[in-house]
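So the structure is just underneath, and the comments pick up after that.
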Amino acid sequence: MKNNFTLRLLLTVFVFASGALAQSGGELRFVLHSEPKTFNPVLMEDDSSESIRYMTGGVLIRVNRQTQQPTPELAQSWKVSKDGRTISFELRPDLRFSDGTPFSADDVAFTMKQLMDPALHSPTGDMFRSSQGQMQVNVSSPTRVSITFSAPIADSVKSFDQVAIMSAKSPQKEMAVLGPFYVAEDKPGAYIILKRNPYYWKHDAQGRQLPYFNSVRLDILQSQDTEILRLVHGQIDFINSLSPDYYDKLEAENPALVHDAGVSLDSEFMWFNQVPGAPIPNYKKAWFASTNFRRAISEAINRPDMARIVFKGHAQPAVGVVSPANKFWFNSQLRPHPFDQKSALARLRQAGFVFQDGTLKDRDSHAVEFSIVTNANKNRERLATLIQQDLAGIGIKINVVTLDFPSLIDRMTNSYNYEACLLGFVNDDLDPNSEMNVWLSSSENHQWDPKQKTPATPWEAEIDKLMREQASTLDQNKRKKYYDKVQQIVWEQEPFIYLINHDALSAVSPTLQNVHPTILRPQVYWNIDELSLNQQLARNR
Amino acid sequence: MKWARILAIVFLVTVASASLLANFVAPASYAYQFREEPDASLSRHHLLGTDDLGRDRFSRLLYGTRVSLLLAPAASLLASLLGLLIGGLAGFAGGWIERLVMSATDLFLSLPWLFLLLTVRAVLPLNVSPLISVTITFALLGCLGWAGAARMICADARSIRESEFVLLARASGNGGLRLLWRHVLPNLRAIALAQFWISIPVFIITEANLGILGLGITEPLPSWGGLLRNLQSYTAITGEPVQFVPLILFVAVVGSFHLVLHDKELTV
Amino acid sequence: MIASLAKLALKLLLTLLLGGLLATTLVRFAPGFGMDEAQLDIRLSNQSIDALNHQPKENIAGFYYRYCQRLLHGDFGRSRTLERPVSELIRERLPETLKSVGLGLFLGWVLGLSLASIAVMARSASLDWLAGIFCGTLLCLPAAVLAIVFVIAQAPERLVLAAAVFPQIYHYARNLLMRSLNQPHVLTAWAKGMGSLRLLCWHVLRPAAPQLLAVAGVSASLAFTTAIPVEALCDLPGVGQLAWKAAMGRDLYLLVTLTVLVTAVTLIANSTCELLGNMLGARRA
Numbered sequence: 020m021k022n023n024f025t026l027r028l029l030l031t032v033f034v035f036a037s038g039a040l041a042q043s044g045g046e047l048r049f050v051l052h053s054e055p056k057t058f059n060p061v062l063m064e065d066d067s068s069e070s071i072r073y074m075t076g077g078v079l080i081r082v083n084r085q086t087q088q089p090t091p092e093l094a095q096s097w098k099v100s101k102d103g104r105t106i107s108f109e110l111r112p113d114l115r116f117s118d119g120t121p122f123s124a125d126d127v128a129f130t131m132k133q134l135m136d137p138a139l140h141s142p143t144g145d146m147f148r149s150s151q152g153q154m155q156v157n158v159s160s161p162t163r164v165s166i167t168f169s170a171p172i173a174d175s176v177k178s179f180d181q182v183a184i185m186s187a188k189s190p191q192k193e194m195a196v197l198g199p200f201y202v203a204e205d206k207p208g209a210y211i212i213l214k215r216n217p218y219y220w221k222h223d224a225q226g227r228q229l230p231y232f233n234s235v236r237l238d239i240l241q242s243q244d245t246e247i248l249r250l251v252h253g254q255i256d257f258i259n260s261l262s263p264d265y266y267d268k269l270e271a272e273n274p275a276l277v278h279d280a281g282v283s284l285d286s287e288f289m290w291f292n293q294v295p296g297a298p299i300p301n302y303k304k305a306w307f308a309s310t311n312f313r314r315a316i317s318e319a320i321n322r323p324d325m326a327r328i329v330f331k332g333h334a335q336p337a338v339g340v341v342s343p344a345n346k347f348w349f350n351s352q353l354r355p356h357p358f359d360q361k362s363a364l365a366r367l368r369q370a371g372f373v374f375q376d377g378t379l380k381d382r383d384s385h386a387v388e389f390s391i392v393t394n395a396n397k398n399r400e401r402l403a404t405l406i407q408q409d410l411a412g413i414g415i416k417i418n419v420v421t422l423d424f425p426s427l428i429d430r431m432t433n434s435y436n437y438e439a440c441l442l443g444f445v446n447d448d449l450d451p452n453s454e455m456n457v458w459l460s461s462s463e464n465h466q467w468d469p470k471q472k473t474p475a476t477p478w479e480a481e482i483d484k485l486m487r488e489q490a491s492t493l494d495q496n497k498r499k500k501y502y503d504k505v506q507q508i509v510w511e512q513e514p515f516i517y518l519i520n521h522d523a524l525s526a527v528s529p530t531l532q533n534v535h536p537t538i539l540r541p542q543v544y545w546n547i548d549e550l551s552l553n554q555q556l557a558r559n560r
Numbered sequence: 004m005k006w007a008r009i010l011a012i013v014f015l016v017t018v019a020s021a022s023l024l025a026n027f028v029a030p031a032s033y034a035y036q037f038r039e040e041p042d043a044s045l046s047r048h049h050l051l052g053t054d055d056l057g058r059d060r061f062s063r064l065l066y067g068t069r070v071s072l073l074l075a076p077a078a079s080l081l082a083s084l085l086g087l088l089i090g091g092l093a094g095f096a097g098g099w100i101e102r103l104v105m106s107a108t109d110l111f112l113s114l115p116w117l118f119l120l121l122t123v124r125a126v127l128p129l130n131v132s133p134l135i136s137v138t139i140t141f142a143l144l145g146c147l148g149w150a151g152a153a154r155m156i157c158a159d160a161r162s163i164r165e166s167e168f169v170l171l172a173r174a175s176g177n178g179g180l181r182l183l184w185r186h187v188l189p190n191l192r193a194i195a196l197a198q199f200w201i202s203i204p205v206f207i208i209t210e211a212n213l214g215i216l217g218l219g220i221t222e223p224l225p226s227w228g229g230l231l232r233n234l235q236s237y238t239a240i241t242g243e244p245v246q247f248v249p250l251i252l253f254v255a256v257v258g259s260f261h262l263v264l265h266d267k268e269l270t271v
Numbered sequence: 023m024i025a026s027l028a029k030l031a032l033k034l035l036l037t038l039l040l041g042g043l044l045a046t047t048l049v050r051f052a053p054g055f056g057m058d059e060a061q062l063d064i065r066l067s068n069q070s071i072d073a074l075n076h077q078p079k080e081n082i083a084g085f086y087y088r089y090c091q092r093l094l095h096g097d098f099g100r101s102r103t104l105e106r107p108v109s110e111l112i113r114e115r116l117p118e119t120l121k122s123v124g125l126g127l128f129l130g131w132v133l134g135l136s137l138a139s140i141a142v143m144a145r146s147a148s149l150d151w152l153a154g155i156f157c158g159t160l161l162c163l164p165a166a167v168l169a170i171v172f173v174i175a176q177a178p179e180r181l182v183l184a185a186a187v188f189p190q191i192y193h194y195a196r197n198l199l200m201r202s203l204n205q206p207h208v209l210t211a212w213a214k215g216m217g218s219l220r221l222l223c224w225h226v227l228r229p230a231a232p233q234l235l236a237v238a239g240v241s242a243s244l245a246f247t248t249a250i251p252v253e254a255l256c257d258l259p260g261v262g263q264l265a266w267k268a269a270m271g272r273d274l275y276l277l278v279t280l281t282v283l284v285t286a287v288t289l290i291a292n293s294t295c296e297l298l299g300n301m302l303g304a305r306r307a
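Residue numbers (our numbering), protein chains in the order written: chain F, 20 to 560; chain G, 4 to 271; chain E, 23 to 307.
As structure tokens, this is what we get:
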């Protein structure tokens, strides 16, 4: 009892102290790696635009990047109906957009209507569009709005984290925002300046209006080398996502600069082309369609070496679909496929292959040789080169081909002229619903064999069934059971051979306070309205 | 500079021999990854240490020299000869032929040839051997690299055409191709040689950069360009000095060639 | 005079039109045309991906005809990758590139020609060789490495273009000047005690002037094409960076317009230098 009180007292003092220490003013500086394509929150699909949306957009519900739980934002409370089709929001009263226009439930209705317009093809809108039928928005008062979907959407609440509310009435249109900052200046290709929103509704524990920073300067730089040097020279305040090479380099110079938030949701993986009509030899199609072949390849790959050599220890061997960082959804019964070339050869013998004089051959004496295509990413090239040596150990010859991204997409989605592909999966969402378009066999993003009219294999049919079932039930435990089964099937069948889950690495200048890097994006500035400058160092800037 | 030339010859012969005999001289295979020793420093087992995947740097340098030393000068020679012929002929002919050829040359200089290279990659089979891929790459570079030199050579050929000794040769009964071959082309060496020397390093670096488009040398076969590409990062530049050995060798070889293949007319 | 100018203008126009058509053809038939990275966004439904995929793939002649028609009204089309009018993008970024290219050419020529003159006039084999090694080293350094070195040294990244252009100018200038210097009448004048500066200006540079002017014309085009990777690597928001993004995104309107722009620059630079070279040659005759 006494300890509890002391702890609470200390915590309260700490909260007040950090608030008191938080310095108001100054400019936060960091880098975007490409120019944002649009400032319209409904149309945003590229990383840079989504970063701008995060810093400027006001959302009804925000997923706290630390706790991974939904927290009230513009909506002070919400309620999901028993059938899971309707979500009702109680909005905060007397809020205003950055240009002074009042905020009301009409703005929510307007935004949802824009989002669900099929002509716009908004990625965020597509997430809500789980089935045919119209969405209905009912505004019952200036602070009460309910949204009814045609079918239940399991865990739709967290998806509102990506819906930035737009004003229905403001003359500034999408440029009038409810977030902590608004876009004040845009020099194309060079930089963007955000200024603090004078009408931002949040205040700190001392009653001071947030954000602490007056402005944010985003330099547009593609090169991470230049980004690193700018951080070292004090010209920017943090690097949101750091490559492992640079992490070790910066750590050697100043350990306090770097942060490893632990294993992220992202993964690197490869897959074989199983499209029946692909312009590759039939005997290769037969190899790739064989589960034993895919399992053998998986067992012949040394994942621990990949984590250690390519990612300098800032990664772990991947188990499957879900990263262990996704604590609720990860199937903890599964383990990474062990590196075991003997077992791999045994599987290959089962599948009719013969290992002779250092070369693996199939039943018809074709030497096993195939190409792996990937994009021009240094780590992926290294992974492919490691795979080359690993598979040489079981007599397989690999050709590594790096292509520019449009050529790669052309082969993957249009001509299907490739044999194996190595890519990465950038995952921002914890919920399996976000992966529907990967697992459903009829989907365009079902990479190994997309747009199937009917599932090509019994296990793909089973995955289709399980994914639809988990999407239509609201019981989280049932959903977990279904999704665990999906992970089990993928682990057994290996349509995707998952290689690595890498860590979320970042670098932060000591001038910045209240920084708590997380694994969910945006790793460093997820609490941008609470970031502040160190008082002493702020005076010197 | 006689001693310098002798040293250069000895150096080039040593480098060429070492690279041609790489199978015997290299302490390890260029592809083998010593996975317990990535980014290792210099040692008895690894004279230049290992790279980020644990591959012996010295072995990779030897094998990489072989490819680059043969193919880059060949491509450069092709580009220079094409420039010499096209520019020389145009300048010598003069009139509308010269104007037409130079317009075509200017057009050639401005077009985005990157897309032709992408199309070539798309047409090639994915499992093409690294040697064929790199030969095609250098051949393409040779075929695309002539335009700048052609323009300059044309200006040179024009002024030579109008010079007194050519007039004298014409008056003596030389005409047409004989005049071009014996009196004009030999005097165009200045620009052609400059083009040749500039093209070698440019092509080696371009070959490495074309790697991101699927052309050039593919893993695990090394090349000078690929080894230089590894320097393109902050960690590499501020890392171990041994990483600069391929660059030093590259500069030394090009410099030695300069010394050895001198042109009396163009020497101090 | 008017007739020749009119012929020149016609020649420029026809070459520009042909350049645009050839660029259209190259881009249109390159793999990856019509592809969009957004297709890999797993949030998108099949219908949305189909909408991205089924962009009208126009017939080349039809596209180019419509492009030329719009060009007459000052409309260069809309960039697919940056979602903005092409004219606006070029207007914003051209000054940046002109600054980089201008500085690169100015410094490249000042340094290249100066070093070549010194190497030639000093008559020192060691100096000649050292200058060659220095320029050779710069040529052997990838532009990305130069860019990083400049950033580490906190030097202006624009100078990378000068560092890339200067060694090439040096090599051409050095050979041309050396050829002039080794002419018998020049050696005689030197032997008779003519001053180095007079010798350089009247008997070395002057005879090589038409060829040096040709090098100048080509160097302008070289500087523009070198600006593409340099601006992309150094993150300079110029036309070169735009060209790289357009190439990676197969942005047809932007690429065709940029090709026409580069062709115009090349033609004007080379034609001007040719004209000056002819005038100099005529004056000497």
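The C-beta atom is built at its ideal place from N, Cα and C for all residues, glycine as well.
Can you give me the start and stop residues for the beta strand (DSSP E) that residue i sits inside?
i	result
LEU204(F)	The displayed chain sequence assigns Glu, not Leu, to residue 204(F). From DSSP, the beta strand (DSSP E) with GLU204(F) extends over 200-206.
GLN155(F)	155-160
GLY103(F)	Run containing GLY103(F): none; DSSP gives neither H nor E here.
ARG215(F)	210-215
MET289(F)	286-291
Just to confirm, are residue i and residue j a CB contact at a threshold of 9 Å?
i	j	result
SER139(E)	LEU235(E)	no
LEU402(F)	GLU287(F)	yes
SER162(G)	PRO232(E)	yes
Let me check understanding here. Comparing Cα to Cα, which of the options lies closest to residue i?
i	options	result
VAL127(F)	LYS206(F), THR162(F) and ILE328(F)	THR162(F)
PRO190(F)	THR120(F), VAL99(F) and TYR502(F)	THR120(F)
LEU36(E)	ILE112(E), LEU62(E), LEU48(E) and CYS90(E)	CYS90(E)
LEU114(F)	GLU69(F), LEU93(F), TRP97(F) and PHE330(F)	LEU93(F)
ARG354(F)	VAL373(F), GLY198(F) and PRO323(F)	PRO323(F)
PRO189(E)	PHE98(E), VAL237(E) and ALA269(E)	VAL237(E)
ALA125(G)	LYS472(F), TYR437(F) and ILE508(F)	TYR437(F)
ARG47(G)	ASP59(G), GLU39(G), LEU230(G) and ALA107(G)	ASP59(G)
What are the start and end residues of the alpha helix (DSSP H) that includes residue i?
i	result
VAL173(E)	165-174
MET74(F)	66-75
HIS521(F)	Unbroken run through HIS521(F) is the beta strand (DSSP E), 515-527; no alpha helix (DSSP H).
PHE246(E)	228-256
THR159(E)	147-162
Run the CB neighbour count on residue i, radius 10 Å, all protein chains shown included, and call it buried at 16 or more, exposed below.
i	result
ILE251(G)	exposed
GLY339(F)	buried
LEU40(F)	Bear in mind that the predicted position of LEU40(F) carries a pLDDT of just 49, short of 50, making it unreliable; the figure below should be weighed with that in mind. It is exposed - the Cβ of LEU40(F) has fewer than 16 other Cβ atoms within 10 Å.
Tell me which residues of the region 174-186 of chain E have at least one Cβ-Cβ distance to chain F shorter than 9 Å, keeping chain order. Residues ILE174, GLN176 and GLU179.
Contact set between the region 210-226 of chain G and chain F, restricted to residues whose Cβ is under 9 Å from the partner: If the cut-off is 9 Å between Cβ atoms, the region 210-226 of chain G has GLY214, ILE215, LEU216, GLY217, THR221, GLU222 and PRO223 near chain F.
Short of 8 Å Cβ to Cβ, which residues in the region 230-247 of chain E face chain G? Of all residues in the region 230-247 of chain E, only PRO232, GLN233, LEU235, ALA236, VAL237, GLY239, VAL240, SER243, LEU244 and THR247 come within less than 8 Å of chain G when Cβ atoms are compared, listed by chain position.
Please list, in chain order, the residues of the region 61-81 of chain E that have any C-beta partner in chain F closer than 8 Å. Across the region 61-81 of chain E, CB contacts with chain F closer than 8 Å involve GLN61, LEU62, ASP63, ILE64, ARG65, LEU66, SER67, ASN68, GLN69, SER70, ILE71, ASP72, ALA73, LEU74 and ASN75, in sequence order along the chain.
Contact list for the region 102-117 of chain E against chain F, Cβ threshold 8 Å: Cβ contacts with chain F: THR103, LEU104, GLU105, ARG106, LEU111, GLU114 and ARG115.
Counting only Cβ-Cβ distances shorter than 7 Å, please list the residues of the region 178-201 of chain G near chain E, keeping chain order. Of all residues in the region 178-201 of chain G, ALA193, ILE194, LEU196, ALA197, TRP200 and ILE201 have a Cβ within less than 7 Å of some Cβ in chain E.
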